[in-house]
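Taken in sequence, the protein lines are chains A and B.
Going by this note's numbering, the first residue of the first sequence is number 8, and it counts up by one from there.
Going by this note's numbering, the first residue of the second sequence is number 260, and it counts up by one from there.
Just so it is clear, CB atoms sit at the ideal spot from N, CA and C, and this is done for glycine as well.
Each remark here refers to the structure printed beneath this line.
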Amino acid sequence: MWDYTDKVKEHFLNPRNVGVIENADGVGEVGSLACGDALTLYFKMDGEGRIADAKFQTFGCASAIASSSALTELIIGKTLDEAEKITNEDIAAFLGDLPKEKMHCSVMGQEALEKAIAQYRGETAREVEGNIICECFGITDQEIEKTVREHRLTSIEDVTGYLKAGGGCGNCHDKIQQIMDGVHGACVTILPRPKKMTNIQKIRLIEETLEREIRPTLRKDGGDIELVDVEGSRVVVNLRGTCASCSKSQVTLKSYVEAKLRELVTDDLVVEENHL
Amino acid sequence: MKTVYLDNNATTRVAPEVVEAMLPYFSEFYGNPSSMHSFGGNLGIKVREARARIAALLGAQPEEILLTSGGTESDVTAIHAALAAHPHKRHIVTTRVEHPAIKNLFEQYGKNGYRVTFVPVDCEGRIDLDEFRASLSEDTAVVSMMWANNETGVLFPVDEVAAELKARGIVYHTDAVQAVGKIPIDLTRTDVDLLSLSGHKLHGPKGIGALYIRKGTKFKPLMVGGHQEQGRRAGTENVPGIIGLGKACELAAGYLDDIDTRVRALRDRLENALLEAVPQAMVNGDRANRLPNTTSIAFEYVEGEAILLMMNEHGIAASSGSACTSGSLEPSHVLRAMGIPFTAAHGSIRFSLSHYTTAEEIDFVIEKMPPIIERLRQMSPFWKQAAQSV
Numbered sequence: 008m009w010d011y012t013d014k015v016k017e018h019f020l021n022p023r024n025v026g027v028i029e030n031a032d033g034v035g036e037v038g039s040l041a042c043g044d045a046l047t048l049y050f051k052m053d054g055e056g057r058i059a060d061a062k063f064q065t066f067g068c069a070s071a072i073a074s075s076s077a078l079t080e081l082i083i084g085k086t087l088d089e090a091e092k093i094t095n096e097d098i099a100a101f102l103g104d105l106p107k108e109k110m111h112c113s114v115m116g117q118e119a120l121e122k123a124i125a126q127y128r129g130e131t132a133r134e135v136e137g138n139i140i141c142e143c144f145g146i147t148d149q150e151i152e153k154t155v156r157e158h159r160l161t162s163i164e165d166v167t168g169y170l171k172a173g174g175g176c177g178n179c180h181d182k183i184q185q186i187m188d189g190v191h192g193a194c195v196t197i198l199p200r201p202k203k204m205t206n207i208q209k210i211r212l213i214e215e216t217l218e219r220e221i222r223p224t225l226r227k228d229g230g231d232i233e234l235v236d237v238e239g240s241r242v243v244v245n246l247r248g249t250c251a252s253c254s255k256s257q258v259t260l261k262s263y264v265e266a267k268l269r270e271l272v273t274d275d276l277v278v279e280e281n282h283l
Numbered sequence: 260m261k262t263v264y265l266d267n268n269a270t271t272r273v274a275p276e277v278v279e280a281m282l283p284y285f286s287e288f289y290g291n292p293s294s295m296h297s298f299g300g301n302l303g304i305k306v307r308e309a310r311a312r313i314a315a316l317l318g319a320q321p322e323e324i325l326l327t328s329g330g331t332e333s334d335v336t337a338i339h340a341a342l343a344a345h346p347h348k349r350h351i352v353t354t355r356v357e358h359p360a361i362k363n364l365f366e367q368y369g370k371n372g373y374r375v376t377f378v379p380v381d382c383e384g385r386i387d388l389d390e391f392r393a394s395l396s397e398d399t400a401v402v403s404m405m406w407a408n409n410e411t412g413v414l415f416p417v418d419e420v421a422a423e424l425k426a427r428g429i430v431y432h433t434d435a436v437q438a439v440g441k442i443p444i445d446l447t448r449t450d451v452d453l454l455s456l457s458g459h460k461l462h463g464p465k466g467i468g469a470l471y472i473r474k475g476t477k478f479k480p481l482m483v484g485g486h487q488e489q490g491r492r493a494g495t496e497n498v499p500g501i502i503g504l505g506k507a508c509e510l511a512a513g514y515l516d517d518i519d520t521r522v523r524a525l526r527d528r529l530e531n532a533l534l535e536a537v538p539q540a541m542v543n544g545d546r547a548n549r550l551p552n553t554t555s556i557a558f559e560y561v562e563g564e565a566i567l568l569m570m571n572e573h574g575i576a577a578s579s580g581s582a583c584t585s586g587s588l589e590p591s592h593v594l595r596a597m598g599i600p601f602t603a604a605h606g607s608i609r610f611s612l613s614h615y616t617t618a619e620e621i622d623f624v625i626e627k628m629p630p631i632i633e634r635l636r637q638m639s640p641f642w643k644q645a646a647q648s649v
């Protein structure tokens, strides 16, 4: 169970200012059903530039409801310049603190207030570049692509760790995967290889390269290749099919197989035929 | 304030008879069953009796029961043993709706060189048997498929799966933590190889559980050290816990009928009354094929943690499929795997009854729940438009 302060519990059980203001001067909506919390904030100005009334509607957990209630209490009676300075920490402090995992509820309050004030002042929401992929946290395809490329991220978990993207409802996981596939698919051979590989990684990469790059070429000529062993930088192989009896097989081995493995695995590999 | 406890899939009250049976083994008979002297050594007889009672509830032989610290240890031991017995096989299969004990274990094996298949379920939480069969191969070492789901109570086709796997020579483990003590289980008729159970889910103590290992199933211990449990699990026996689990199993055999009739009727009454009183509510999972004590109800457009805390004000204890109770941002992986829409998954509440649940308690919950949902919906920005659209 969450360790909520008495003030959080009190504002959850008896929230202040729940409801809608018809003809509100400012309205700010944040969150969505998918994310598990959403808040709509309304305020009405008096004749002297102060917030006369504020109301909210919230879908969410106890701390989301308490944070919304706290927010309305904090802004009523303030000028917009004063209200604008309210941060999520102020909301948390008003409630006597929130559990760390619940701080996003107070952030939601701050964001709703920013939006409502911006709306009142007739400002348009800040422009975002690209298309929003993660709607829960408002992360765009461009941001995801850039981060995936820079940090060579390969899992959705990693993307969530860096950007929060995909950490909410999970609806965008397929899209994030597509972006990663796009990034990695496009530059599979350009990506710098990890400097140091374990033997297992090296063997796997050799096998992959044989399978994907080398075997198809040899097979076109009725040949084939089989990995026998890897000892340090020595790669021992068997040549099969027409390759086995081909007089040019040593050339193939050195100028094609070895060159390809050096290019795609590590540049110190020496390919030898199995003579056992 | 009196607690109305409807969270029996999380843990259960220890039966008074169980407590009574255990007490002497803390203060009076505190010996070590491995000792040479009779003060300790005689406890071996008591442990044996308890093991026989556990076996009897499952239709198993006493020597097929390995005593563990609980469901999680039983699960980890089972999969570890199955993989050790088939070191050349690199594929393992489970479902998308397992308890985290299995889910996270399989994900970890997935990061360590195993190919893992998580078989999907349909919108009512039922496994797709064709997809399951198609996932199996020569390389499959073990399948872990639960007996009953902890969140929805949905039962899995254990008999069919067991028969299929036996024919293919694949080890079958089932996490039966939610099933044992709630529905009859007879392992002379169901060919599972390994089965996990937990004491505290059937009115026994916490910290004790068992793994059923069918005779002839290859086994390798997870805990090495002393020779306890015939060399299959090192560590001095938790004698009071074992006595308690034995007693709990004996009692469970006696109240299975009550659960199937009276408790089932209470569950149905609760479910039907809430569905009738609360608009836009629905049951998660296959209603026809469930544990008799469990219902998971989705209340759309409200959030589970808020519901639970308001219920808490009335002393009603249940649990939710909501993200906000767990610290993660995503709602229950079980409800997500079933494709339950977010509008419903966030507001899903699981009520799980027990042998001790009374009709008065259920009536109390039926009275208190609808106003709670109504109150939270009035606060929700989505409710008004949702209600208008119906």
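Range of the contiguous beta strand (DSSP E) that encloses residue i
{"i": "S457/B", "result": "L453 to S457"}
{"i": "A375/B", "result": "Note on identity: in this sequence residue 375/B is Val, with Ala being the wrong assignment. Taken as a continuous stretch (DSSP letters only), the beta strand (DSSP E) holding V375/B covers R374 to V378."}
{"i": "H432/B", "result": "V430 to D434"}
{"i": "R307/B", "result": "First-last for R307/B: L302 to L317, but that is the alpha helix (DSSP H), not the beta strand (DSSP E)."}
{"i": "M541/B", "result": "A540 to V542"}
{"i": "T553/B", "result": "T553 to F558"}
Proximity to residue i [Cα-Cα], best of the options
{"i": "D381/B", "options": "L316/B, W406/B and T354/B", "result": "T354/B"}
{"i": "T617/B", "options": "A524/B, H573/B, A337/B and P538/B", "result": "A524/B"}
{"i": "R240/B", "options": "E366/B, Q320/B, K441/B and S394/B", "result": "Absent from the structure is residue 240/B, since the part of chain B shown begins at 260 and ends at 649."}
{"i": "E55/A", "options": "T86/A, S256/A, D275/A and I207/A", "result": "T86/A"}
{"i": "L342/B", "options": "T449/B, I429/B and A596/B", "result": "I429/B"}
{"i": "Y11/A", "options": "A71/A, L48/A, E220/A and T65/A", "result": "A71/A"}
{"i": "G189/A", "options": "R159/A, R222/A, E214/A and L225/A", "result": "R159/A"}
{"i": "H282/A", "options": "K227/A, V242/A, F66/A and G33/A", "result": "V242/A"}
{"i": "S162/A", "options": "Q185/A, F144/A and K14/A", "result": "Q185/A"}
Three-way DSSP call (helix, strand, coil) for residue i in this model
{"i": "Y289/B", "result": "coil"}
{"i": "I93/A", "result": "coil"}
{"i": "R523/B", "result": "helix"}
{"i": "H180/A", "result": "helix"}
{"i": "S396/B", "result": "coil"}
{"i": "E238/A", "result": "strand"}
{"i": "E620/B", "result": "helix"}
{"i": "L46/A", "result": "strand"}
{"i": "F19/A", "result": "helix"}
{"i": "V263/B", "result": "strand"}
{"i": "L40/A", "result": "coil"}
{"i": "R349/B", "result": "coil"}
{"i": "T86/A", "result": "strand"}
{"i": "A469/B", "result": "strand"}
Any chain A beta carbon closer than 7 Å to residue i
{"i": "H592/B", "result": "no"}
{"i": "H605/B", "result": "yes"}
{"i": "T602/B", "result": "yes"}
{"i": "F288/B", "result": "no"}
{"i": "N359/B", "result": "For the sequence presented, residue 359/B should be read as Pro rather than Asn. So, not an interface residue."}
{"i": "A269/B", "result": "no"}
{"i": "E559/B", "result": "no"}
{"i": "T262/B", "result": "no"}
{"i": "M628/B", "result": "no"}
{"i": "P640/B", "result": "yes"}
Residues near residue i by beta carbon distance below 6 Å, same chain, minus five either side
{"i": "G300/B", "result": "S294"}
{"i": "Y431/B", "result": "V402, A421, L424, V451 and D452"}
{"i": "A407/B", "result": "L414, Q437, A438 and L550"}
{"i": "T196/A", "result": "Residue confidence is low: T196/A scores 41 on pLDDT, short of 50, so the model does not pin down where it sits. Its coordinate-derived value is still stated next. If we look at T196/A and ignore the five residues flanking it on each side, it has no Cβ neighbours."}
Test: residue i CB closer than 7 Å to a CB of chain B
{"i": "T161/A", "result": "no"}
{"i": "V195/A", "result": "Legend: pLDDT at V195/A = 41, less than 50; position of this residue unreliable, no value from coordinates given."}
{"i": "V37/A", "result": "no"}
{"i": "L198/A", "result": "Any reading at L198/A needs caution, since the residue's pLDDT is 43, under 50, leaving its predicted position unreliable; the model's value is listed next. No, L198/A does not count as interfacial toward chain B."}
{"i": "L78/A", "result": "no"}
{"i": "G173/A", "result": "no"}
Residue i - containing alpha helix (DSSP H), residue span
{"i": "A507/B", "result": "V498 to D517"}
{"i": "T216/A", "result": "N206 to T216"}
{"i": "Q64/A", "result": "Element bounds for Q64/A: not the alpha helix (DSSP H) but the beta strand (DSSP E), I58 to F66."}
Spatial neighbours of residue i in its chain, beta-carbon cut-off 7 Å, leaving aside the 5 residues before and after
{"i": "T602/B", "result": "E559 and Y560"}
{"i": "P640/B", "result": "none"}
Contact set for residue i: own chain, Cβ-Cβ below 8 Å, skip 5 residues either direction
{"i": "A577/B", "result": "L265, D266, L567, M570, I608, R609, F610 and S611"}
Residue i Cβ short of 6 Å to the ligand FAD heavy atom set
{"i": "E633/B", "result": "In the structure on display, the ligand FAD does not appear, and there are no ligands present to speak of."}
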